[in-house]
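Below you'll find the structure, written out as structure tokens, and then a few comments.
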Amino acid sequence: MHVELPDKIYYSIGEVSKAFGVNASLIRFWEKEFEVISPKKNKKGNRYFTQQDIKNLKLIYHLVKERGYTLDGAKTALEENQSIKEDVELIARMESIRSELVRLKESFDLGAD
1 MHVELPDKIY YSIGEVSKAF GVNASLIRFW EKEFEVISPK KNKKGNRYFT
51 QQDIKNLKLI YHLVKERGYT LDGAKTALEE NQSIKEDVEL IARMESIRSE
101 LVRLKESFDL GAD
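Per full-length UniProt numbering: the sequence shown = residues 1 to 113.
Take a look at the structure:
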């Protein structure tokens, strides 16, 4: 899953849920279920997710939504398996490269006309 978020320090739950294409309630649920997601909260209780939270959400999304893990299975995998993190990072890099290649191809196609 390629997640498009601007480069900044904190993200609101609305930004995060939109980037992942899921409801904010699912993000809140995953926050309760997975200790690795720990957004900062202001006095009003608004959540602010860091870059590390986003990386962890990508991992959880990959395991649960893309690979079909149960929540317990995803928790176990996160605790036991470093290679899953590496896989997700590799997939993200490959998606980024693919996007750049598509953009370059489109710009070359426009220049050829």
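Even glycine gets a Cβ: it sits at the ideal position worked out from N, Cα and C.
Item, Value
"Reduced DSSP category for E55 - H, G, I as helix; E, B as strand; rest coil", "The sequence as given places Lys at residue 55; Glu does not occur at that position. Residue state, collapsed to three classes: helix."
"Nearest-angstrom Cβ-Cβ length linking L57 and F20, presumed shorter than 8 Å", "7 Å"
"Helix, strand or coil at K44 according to DSSP, with G and I counted as helix", "coil"
"Cβ contact (3+ pairs, closer than 8 Å) linking the segment 99–108 and the segment 66–78", "no"
"Distance between N42 and S12 (C-alpha atoms, nearest Å)", "11 Å"
"Backbone CA spacing between L90 and K55 [nearest angstrom]", "12 Å"
"First and last residue of the uninterrupted alpha helix (DSSP H) at S25", "24–33"
"DSSP beta-bridge partners of F49", "Y11"
"N-terminal and C-terminal residue of the alpha helix (DSSP H) that E79 is part of", "71–80"
"When S25, I60, F29 are compared against A74, the one with the closest alpha-carbon", "I60"
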